[in-house]
Amino acid sequence: MRTRPNWIAGIFAGLWLAIIMIPVYVMVRASFESRETYAQNGPLGLPREFTLENYVYAFDQGFGRFLLNSALVTLGTVLIILLVVPPLAYAIVRSESRWVALVFRIMLFGLAIPAQVVVIPVFFLIDRISLYDTLLGIIIPTAVFLIPLTTLILSGAMREIGNEQYEAMALDGASSFRIFSTLVLPMSKGGLATIVIFSALNAWNNYLLPLVLTRSADNRVATLALGIFRQEFSLNIPGLMSAIVLTVLPILLMYIFARRSLVRGLMGVGGK
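This is the structure:
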């Protein structure tokens with residue numbers, strides 16, 4: 143059967159893309175212009191200059207350190223998720239105990255609790271264990287808030303593995319650890335990629351927890367530094383835009399190259 147092109151949907155999609163690209167164009171163009179050129183042409187003018195002085199300015203203000211802190215928080219969060227969530231999801235999928243199912247349902251209540259509600263208790267807990275104003279004090283709560291949803295995503299992917307495959311390995315005398323390492327993990331690569339990308343996106347873009355749980359500039363992440371940049375250097379719009387580009391670029395590249403795995407994994411959350 144021949145399918146007719148949906149011109150109306152295409153037109154609206156094109157209009158929406160144009161609306162989205164306008165601020166992106168303003169941001170990128172301004173980051174490569176001097177303050178004088180930007181002041182003359184305005185935010186919507188055509189590109190007339192190319193300079194990297196704004197990026198040099200951003201790094202001179204310590205933005206490289208803030209990007210490194212964001213990268214460390216992201217890597218630490220993803221590492222905790224990969225260590226905790228796969229065995230947890232495997233136990234939930236394969237266990238026939240009612241207690242395990244009950245604990246899983248209770249854990250999923252965490253999806254209904256926003257971080258804003260419990261951020262003050264989290265602050266007191268982190269301060270009590272002497273992790274306030276440390277990167278580890280950001281990593282642990284960030285990973286904890288991500289565990290319920292990432293477990294739900296990965297358990298949905300693991301439920302796609304047929305019981306006959308488990309039974310075949312059990313008949314061969316394989317232990318639970320061997321089944322987990324040689325069968326479940328290789329066949330759950332899509333789900334693993336999804337939780338890695340999802341965790342990295344959330345950890346990199348996190349703003350609330352770094353705002354509450356850090357104080358010094360040495361432990362400041364990029365998203366938090368942008369707000370301070372906006373207050374201290376509001377007159378230098380090109381310099382501020384270069385800092386925004388540096389913050390957005392890593393996570394944008396990650397999304398571009400891994401968006402299919404992310405969408406596929408999120409669409410399969412329900413499992414069987």
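Each residue of the sequence shown is one higher than the one before, counting from 143 in my numbering.
No residue lacks a Cβ here, since even glycine has one placed at the ideal position from N, Cα and C.
It should be emphasised that the depicted structure is a prediction, and the values quoted were computed from it without experimental measurement.
(request) Figure out for me which residue from I339, I162, S212 has the closest Cα to the Cα of N348. (result) Taking the sequence shown and counting its residues from 1, the one referred to as residue 348 is at position 206. The option with the nearest alpha carbon to N348 is S212.
(request) Within the same chain, show all residues whose beta-carbon is closer than 6 Å to that of N196, passing over the 5 residues directly before and after it, in chain order. (result) By 1-based counting over the sequence shown, the position of residue 196 is 54. Result list for N196: S173, P380, G381, S384, in chain order.
(message) Taking the straight line between their C-alpha atoms, what separation do you get for G218 and N305?
(response) Indexing the sequence shown from 1 puts residue 218 at position 76. Indexing the sequence shown from 1 puts residue 305 at position 163. C-alpha separation (whole angstroms): 34 Å.
(request) Apply the 10 Å Cβ neighbour rule to W346 and answer buried if 16 or more other Cβ atoms are within range, or exposed otherwise. (result) Reading the sequence shown from its first residue, position 204 is the one you call residue 346. Flag for W346 reads buried.
(request) Output the distance between the C-alpha atoms of R190 and V170, rounded to the nearest integer angstrom. (result) Within the sequence shown, numbered from 1, the residue matching residue 190 stands at position 48. Within the sequence shown, numbered from 1, the residue matching residue 170 stands at position 28. So the alpha carbons of these two residues sit roughly 13 Å apart.
(request) For A233, I'd like the list of residues in its chain whose CB is within less than 8 Å of its CB, leaving aside the five on either flank, ordered along the chain. (result) In the sequence shown, residue 233 corresponds to position 91, counting from 1. Within the same chain, A233 has close Cβ partners V242.
(message) Tell me which residue opens and which closes the alpha helix (DSSP H) that E195 is part of.
(response) Here residue 195 is taken as the residue at index 53 of the sequence shown, counted from 1. Segment 195-202, the alpha helix (DSSP H) holding E195.
(message) So, with DSSP's three-state summary, where would you put T356?
(response) On the sequence shown, residue 356 is found 214 positions in, with the first residue counted as 1. DSSP places T356 in coil when its eight states are reduced to three.
(message) Once the 5 residues before and after F322 are set aside, which same chain residues still bring their CB inside 6 Å of it?
(response) For the purposes of this step, residue 322 is taken as residue 180 along the sequence shown, with counting starting at 1. Around F322: Y232.
(message) With distance defined between alpha-carbon atoms, name the residue in P352, L366, A335, P392 nearest to A400.
(response) Against the sequence shown, residue 400 aligns to sequence position 258. Taking only the C-alpha atoms, the option nearest A400 is A335.
(message) Measuring straight from C-alpha to C-alpha, what distance separates F246 and V235?
(response) Working through the sequence shown from its first residue, we reach residue 246 at position 104. Working through the sequence shown from its first residue, we reach residue 235 at position 93. If you take the alpha carbons of F246 and V235, they lie about 10 Å apart.
(request) Assign I370 to one of two classes, buried (16 or more other C-beta atoms within 10 Å of its C-beta) or exposed (fewer than that). (result) Indexing the sequence shown from 1 puts residue 370 at position 228. By the neighbour-count rule (16 or more Cβ atoms within 10 Å), I370 is not buried but exposed.
(message) Can you look up I339 in the DSSP assignment and give me helix, strand or coil?
(response) Reading the sequence shown from its first residue, position 197 is the one you call residue 339. In this structure, I339 counts as helix in the three-state DSSP scheme.
(request) Work out the CA separation of R320 and P328 for me, nearest whole Å. (result) Reading the sequence shown from its first residue, position 186 is the one you call residue 328. Reading the sequence shown from its first residue, position 178 is the one you call residue 320. When rounded, the distance between both Cα atoms is 12 Å.
(request) Have a look at E238 and E302 and give me their C-alpha separation to the nearest angstrom. (result) The count along the sequence shown starts at 1 and reaches residue 238 at position 96. The count along the sequence shown starts at 1 and reaches residue 302 at position 160. Near 17 Å, if we compare the C-alpha coordinates of E302 and E238.
(message) Rounded to the nearest angstrom, what separates V215 and V363 at their Cα positions?
(response) Reading the sequence shown from its first residue, position 73 is the one you call residue 215. Reading the sequence shown from its first residue, position 221 is the one you call residue 363. Cα to Cα, V215 sits roughly 8 Å from V363.
(request) Give the straight-line distance between the Cα atoms of R357 and V168, rounded to the nearest whole angstrom. (result) The count along the sequence shown starts at 1 and reaches residue 357 at position 215. The count along the sequence shown starts at 1 and reaches residue 168 at position 26. Their backbone Cα atoms lie some 32 Å apart in a straight line.
(request) Please go through the segment 225-307 and give each complete alpha helix (DSSP H) segment of 4 or more residues, from N-terminal end onward. (result) 240-250, 257-270, 277-300
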